[in-house]
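Structure, as structure tokens:
What follows is the structure, given as structure tokens:
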């Protein structure tokens, strides 16, 4: 049997315990770091779809306005509560209205606003095409009109008027 130093077993047990605790703690912090990265990525994704109401031309993610910072924090908190991105967007739409969305929703009259100009352009093109085609076919098919010959009386009258200008 091997003799051990007094207290060696207790020291080894303590070292082994602290080593295991350190490994478990680092794994827990690593998992939290992964969750933190995923939360940050999801916050960024949602914040890029919302308009900063102070800057108007920037997304909440890009803006450094105080309101945008607060909105990013609200997004983060709501994600941590387990809300979906659609629920978070609906919250902001309820609070600020549709202008908060960088990409407007396409429903109802919004379809008409987005598609209306293209529809009018298409209808105008069809109208123009049909009228030009009709005009071309009419000019190509109709023979030129011949002017009727002048009578002797008309010739004499024209000659008299020309003579009156000469004098």
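In my numbering, the protein residues as written are 226 to 392. Beta carbons are placed, not taken as given, at the ideal position from N, Cα and C, and that holds for glycine. Remember, it's a predicted structure, so these values are computed and weren't measured experimentally.
_What does the Cβ neighbour count give for residue 305, buried or exposed, with the cut at 16 atoms within 10 Å?_
Position 80 of the chain shown, counted from the start, is the residue given in the question as residue 305. Counting of Cβ neighbours within 10 angstroms places residue 305 among the exposed residues, the total staying below 16.
Check your understanding: Where does the unbroken alpha helix (DSSP H) through residue 292 begin, and where does it stop?
Key -> On the chain shown, position 67 is the one that residue 292 refers to. Taken as a continuous stretch (DSSP letters only), the alpha helix (DSSP H) holding residue 292 covers 291 to 305.
### Task
Go ahead and label residue 288 buried or exposed: buried means 16 or more other beta carbons lie within 10 angstroms of its beta carbon, across all protein chains shown.
For the purposes of this step, residue 288 is taken as the residue at position 63 of the chain shown. By the neighbour-count criterion, in which a residue is buried when 16 or more other Cβ atoms sit within 10 angstroms of its Cβ, residue 288 is buried.
message = Suppose contacts are defined by Cβ-Cβ distances below 9 Å. Is residue 303 in contact with residue 312 by that definition?
response = Mapped onto the chain shown, residue 303 falls at position 78. Mapped onto the chain shown, residue 312 falls at position 87. Taking 9 Å as the Cβ cut-off, residue 303 and residue 312 qualify as a contacting pair.
ask   = Per DSSP, residue 422 forms a beta bridge with which residues?
value = Since the first and last residues shown for the chain are 226 and 392, residue 422 lies out of range.
Practice problem: Quick one: measure Cβ to Cβ for residue 275 and residue 343, integer angstroms, because I've assumed they're closer than 8 Å. | Solution: Mapped onto the chain shown, residue 275 falls at position 50. Mapped onto the chain shown, residue 343 falls at position 118. Incorrect: roughly 27 Å between the Cβ atoms, too far for contact.
Item to complete: Rank 248, 325, 266 by C-alpha distance to the C-alpha of residue 283 and give the top, closest one.
Response: For the purposes of this step, residue 283 is taken as residue 58 along the chain shown, with counting starting at 1. Among 248, 325, 266, the Cα nearest to that of residue 283 is on 325.
Item to check | Where the alpha helix (DSSP H) through residue 395 begins and ends | outcome: A question about residue 395 goes unanswered here, because the residues of the chain that appear run from 226 up to 392.
- Item | Neighbourhood of residue 270 by C-beta, 8 Å cutoff - its chain only, sequence neighbours within 5 removed | Residue mapping note: residue 270 aligns to position 45 of the chain shown, counting from 1. Take residue 270, set aside five residues on each side of it, and the residues of its chain with a beta-carbon closer than 8 Å to its own are 310, in chain order.
* Would you give the residue range spanned by the alpha helix (DSSP H) that residue 312 belongs to? => As a first step, residue 312 is located in the chain shown; it is residue number 87 there, counting from the start. DSSP places residue 312 inside the alpha helix (DSSP H), whose first and last residues are 310 to 321.
task = Answer with buried or exposed for residue 293, where buried requires no fewer than 16 other C-beta atoms within 10 angstroms of its C-beta.
result = As a working mapping, residue 293 is identified with position 68 in the chain shown. Taking a 10 Å sphere around the C-beta of residue 293, we find 16 or more other C-beta atoms and assign the residue as buried.
Worksheet item: If you draw a straight line from the C-alpha of residue 345 to the C-alpha of residue 315, how long is it?
Response: In the chain shown, counting from the first residue as 1, residue 345 sits at position 120. In the chain shown, counting from the first residue as 1, residue 315 sits at position 90. The alpha-carbon atoms of residue 345 and residue 315 are separated by roughly 33 Å.
**Q.** Cβ-Cβ separation, residue 280 to residue 290 (assumed contact under 8 Å), whole Å
**A.** As a position in the chain shown, residue 290 is number 65, starting the count at 1. As a position in the chain shown, residue 280 is number 55, starting the count at 1. Confirmed, Cβ separation roughly 6 Å.
Practice task
Tell me whether residue 334 sits in a helix, a strand or coil according to DSSP, three-state version.
Solution key: Taking the first residue of the chain shown as position 1, residue 334 is located at position 109. Helix at residue 334.
- [ ] Would you kindly work out how many angstroms separate the C-alpha atoms of residue 329 and residue 301, rounded to a whole number?
- [x] On the chain shown, residue 329 is found 104 positions in, with the first residue counted as 1. On the chain shown, residue 301 is found 76 positions in, with the first residue counted as 1. Roughly 23 Å between the two C-alpha positions.
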